[in-house]
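Worksheet for the structure shown next.
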Amino acid sequence: MIFSLVREDTRCDSDSCIAHDLYVSFKGDDNVWSDPINMGFNINSVDDEFSPFIAGDDKTLYFSSDRTDGYGGTDIYITRRLDDTWLTWTTPRNLGPDINTKFNEQDYSIAASGDVVYYVSDLNGFGSTDIYRLHLPEAFRPTATAIVSGKVMDISTKQPVQAKIQYENLETGKIIGEAISNPSTGDYTIALPSGSNYGFIANALGFYPISENLDLIKLSEYKEIQKDLNLAPIKKGEIIRLNNLFFNFGKSNIRKESESELNRLFSLLQNSPNMKIEVSGHTDNIGNESSNISLSLDRATAIKEFLVTKGIQVGRISVKGYGKSKPIAGNDTDEGRQKNRRVEFVILSE
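The sequence shown: position 137 = 137 (the numbering used here), numbered continuously.
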């Protein structure tokens, strides 16, 4: 969280000044916010810095300041985050005369697409301050962002579910944000900046966490993506797909990006000591039948070995390799074949 305040460590040019600086605070695992940290002299001047707005890319910060290099009054500036400390930023740039005037410009907000901005100014308008809309030049836009939205539903009853949706960097396993779905409609929306592979996971009491993934490494422009999340209740006979499992082509070695997904399955088994499951591997129809059965079994076995290594009893997990025999989609398209290449588990007993 970034905000503006006056404190004893605020940058000033005299003992009596009351200039505002920008500060950052971090939310801990216990949902308690850290003490505010001054964001440093690269952003904060001896004048006022206020009205911060962080774009959907989580890197591009806009704020207002009355520093002396502006066009008069308060101007809007842009800076970009350089590391994960949130204390190292590029030198702020004035957004220029298309936005800033000799009057006061502040309270900046940007559309999810990154190309349209809204701000407040007391330039000659209809009252003391008015809201303005402007097409933002390319140089001042945030990096490309994907807006992911959809509904969280009970896969059995088709009713909406209020769930906590966390999104993570699959390469590091780091949780980078969360959202809550609407309890009446199941609707959720999250923003994911370009440049990473992401997993996002919906959690609700009584349901197994459902996960999805998106590769946004090469995303170059704003994109809207629809993803419904169907939660399966934790009960005997329920078949649950493990979406965020990754294998190299034709291999059964579990890639590092899969660990978060497997740790969720481990937590379920650890917290339900009487539960037994069957892990099953499936393929598309490419290749010969014996190779597909062998590969699907090897992948299911790799999941079992991961769980056993972490302490789950061998007898609680059985494995099957079904090859191409149980498709859930047609094999005549890339999308259908991708759906058929999967690992699932079924709850045999609770």
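Ideal Cβ placement from N, Cα and C applies to all residues, glycine included.
All of these numbers come straight from a predicted model, not from anything done at the bench.
Near the ligand ATP: residue 306 beta-carbon under 8 Å from a heavy atom: Because no ligand of any kind appears in the structure shown, any question about the ligand ATP cannot be addressed here.
Stretch-stretch touch, CB-based, cutoff 8 Å, three pairs: the segment 120–136 with the segment 168–188: no
Anticipated Cβ contact below 8 Å, residue 47 with residue 67, distance rounded: Position 47 of the sequence shown, counted from the first residue, corresponds to residue 47. Position 67 of the sequence shown, counted from the first residue, corresponds to residue 67. Indeed they touch by this definition, with Cβ atoms about 4 Å apart.
Spatially closest choice to residue 203 from 162, 81, 151, by CA coordinates: As a working note, residue 203 is residue 203 in the sequence shown. Checking every option, the nearest Cα to that of residue 203 belongs to 162.
Residue interval of the alpha helix (DSSP H) (run including residue 269): Within the sequence shown, the letter at position 269 stands for residue 269. Where residue 269 is concerned, the enclosing alpha helix (DSSP H) stretches over 259–271.
Cβ contact check for the segment 148–160 and the segment 247–263: 3 or more pairs under 8 Å: no
Contact between the segment 73–81 and the segment 23–37 (3+ Cβ pairs under 8 Å): no
Three or more C-beta pairs below 8 Å linking the segment 117–128 and the segment 189–200: no
Residue 155 - DSSP class collapsed to helix/strand/coil: Counting from 1 along the sequence shown, the entry for residue 155 is found at position 155. Correct three-state label for residue 155: coil.
Candidates 235, 213, 27: closest to residue 226 by CA position: Along the sequence shown, read from residue 1 onward, the residue named residue 226 stands at position 226. Minimum Cα distance to residue 226 is reached at 213.
Own chain partners of residue 300 with C-beta closer than 7 Å, once the 5 adjacent residues on each side are dropped: Here residue 300 refers to the residue found at position 300 when the sequence shown is read from its first residue. Excluding positions up to five away in sequence, the list reads 279, 280, 281, 319, 320, 321, 343.
Residue 274 (DSSP reduced to helix, strand or coil): Position 274 of the sequence shown, counted from the start, is the residue given in the question as residue 274. Looking at residue 274 - three-state DSSP - the assignment turns out to be coil, as it is neither helix nor strand.
When 131, 104, 192, 165 are compared against residue 147, the one with the closest alpha-carbon: The residue labelled residue 147 in the question sits at position 147 within the sequence shown. Comparing Cα-Cα distances from residue 147 to each of 131, 104, 192, 165, the minimum goes to 192.
Alpha-carbon spacing of residue 9 relative to residue 38, whole angstroms: Taking the first residue of the sequence shown as position 1, residue 9 is located at position 9. Taking the first residue of the sequence shown as position 1, residue 38 is located at position 38. So the alpha carbons of these two residues sit roughly 7 Å apart.
Proximity winner among 329, 231, 113, relative to residue 220 (alpha-carbon distances): As a working mapping, residue 220 is identified with position 220 in the sequence shown. Residue 113 is the option with its Cα nearest to residue 220.
Own chain residues within Cβ distance below 7 Å of residue 13, not counting five before or after: As a working mapping, residue 13 is identified with position 13 in the sequence shown. For residue 13, where only same-chain residues beyond five positions count, the Cβ hits under 7 Å are 46.
Close-in-space but distant-in-sequence residues of the same chain around residue 43 (CB under 7 Å, 5 per side omitted): Residue 43 sits at position 43 when you count from the first residue of the sequence shown. Once the five neighbours on either side are set aside, the close Cβ partners of residue 43 are 22, 49, 79, 89, 92.
Where the alpha helix (DSSP H) containing residue 189 begins and where it ends: Within the sequence shown, residue 189 is the residue found at index 189, counting from 1. Per DSSP, residue 189 belongs to no alpha helix (DSSP H); it is in the beta strand (DSSP E), 187–193.
Residues bridged to residue 94 [DSSP beta-bridge criterion]: Numbered from 1 along the sequence shown, position 94 holds the residue referred to as residue 94. According to DSSP, residue 94 bridges with 77.
Cα-Cα separation, residue 352 to residue 95: It is not possible to answer for residue 352, since the shown part of the chain is limited to 1 through 350.
Among 350, 100, 164, 205, nearest to residue 72 - alpha-carbon criterion: In the sequence shown, counting from the first residue as 1, residue 72 sits at position 72. Among 350, 100, 164, 205, the Cα nearest to that of residue 72 is on 100.
Residues near residue 206 by beta carbon distance below 7 Å, same chain, minus five either side: In the sequence shown, counting from the first residue as 1, residue 206 sits at position 206. Same-chain partners within the cutoff: 233, 234.
Beta-carbon spacing of residue 131, residue 165 below 9 Å: What you label residue 131 is simply residue 131 of the sequence shown in a count that begins at 1. What you label residue 165 is simply residue 165 of the sequence shown in a count that begins at 1. No.
Burial state of residue 118, where buried means 16 or more other Cβ atoms lie within 10 Å: As a working note, residue 118 is residue 118 in the sequence shown. Exposed, because fewer than 16 other Cβ atoms sit within 10 Å of the Cβ of residue 118.
Pick from 141, 308, 327, 283 that is closest to residue 295, judged by C-alpha positions: Position 295 of the sequence shown, counted from the first residue, corresponds to residue 295. Residue 283 is the option with its Cα nearest to residue 295.
Three-state secondary structure (DSSP) of residue 293: Here residue 293 corresponds to residue number 293 of the sequence shown, with the count starting at 1. Helix.
Span separating the alpha-carbon of residue 273 from that of residue 304: The sequence position of residue 273 within the sequence shown is 273, counting from 1. The sequence position of residue 304 within the sequence shown is 304, counting from 1. The alpha-carbon atoms of residue 273 and residue 304 are separated by roughly 16 Å.
Test item: CB-CB of residue 317 and residue 269 under 9 Å: Locating residue 317 in the sequence shown gives position 317, where the first residue counts as 1. Locating residue 269 in the sequence shown gives position 269, where the first residue counts as 1. Yes, they are a contact pair.
Three-state class that DSSP yields for residue 106 in the structure shown: On the sequence shown, residue 106 is found 106 positions in, with the first residue counted as 1. Strand.
Chain-order list of residues whose beta-carbon lies under 8 Å from that of residue 168 (same chain, five-residue window excluded): As a position in the sequence shown, residue 168 is number 168, starting the count at 1. Result list for residue 168: 174, 175, 176, 198, 199, 200, 201, 260, in chain order.
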